[in-house]
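Below: the structure, in structure tokens.
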Amino acid sequence: MNNEYQYSFKVLGSCIGCKTCYRACPVGAIQTGPIRIDQDACIRCGKCESACPGHKIIKA
Ligand code: SF4
Ligand code: SF4
Numbered sequence: 002m003n004n005e006y007q008y009s010f011k012v013l014g015s016c017i018g019c020k021t022c023y024r025a026c027p028v029g030a031i032q033t034g035p036i037r038i039d040q041d042a043c044i045r046c047g048k049c050e051s052a053c054p055g056h057k058i059i060k061a
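Position in the sequence shown (first residue = 1) + 1 = my numbering.
Take a look at the structure:
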């Protein structure tokens with residue numbers, strides 16, 4: 002994990018793969034199939050967390 006940040010966003014195993022978070026990410030940090038967040042590319046903006054209709058992305 003990038004030590005510059007105090008927290009990260011994680012995708013829960015119950016994600017249904019709708020890709021809404023993928024489309025919401027401004028820096029292309031989300032990879033598909035399965036959905037994963039590249040922690041080195043993520044700028045911790047929280048847009049994926051807000052966008053997920055099933056609340057499958059959590060800040061931890
Ligand atoms: S927190 Fe922001 S930068 Fe990080 S994966 Fe989510 S939308 Fe992308
Ligand atoms: S928006 Fe939520 S349910 Fe959809 S792919 Fe992303 S994490 Fe999974």
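Yeah, the Cβ is synthetic: ideal placement off N, Cα and C, and Gly gets one too.
All of these numbers come straight from a predicted model, not from anything done at the bench.
Query                                                                                                                                                                                      : Result
Does DSSP classify K1 as helix, strand or coil?                                                                                                                                            : No information on residue 1 is available, as it lies outside the stretch 2 to 61 that the chain covers here.
Would you grab the beta carbon distance between I58 and C19 for me? Rounded to a whole angstrom, and I think it's under 8 Å.                                                               : That belief does not hold up - the Cβ atoms of I58 and C19 are roughly 12 Å apart, past 8 Å.
Just checking P27 against ligand 2 - is the residue's beta carbon closer than 7 Å to any of the ligand's heavy atoms?                                                                      : no
Please go through the same chain and pick out, in chain order, the residues whose beta-carbon is closer than 8 Å to the beta-carbon of F10, but skip the five residues on each side of it. : I38, C43, R45, G47, C49, E50, I58, I59, K60 and A61
Under 7 Å Cβ to Cβ from V12, same chain only, skipping five residues before and after it: list those, please.                                                                              : I36, R37, I38, K57 and I58
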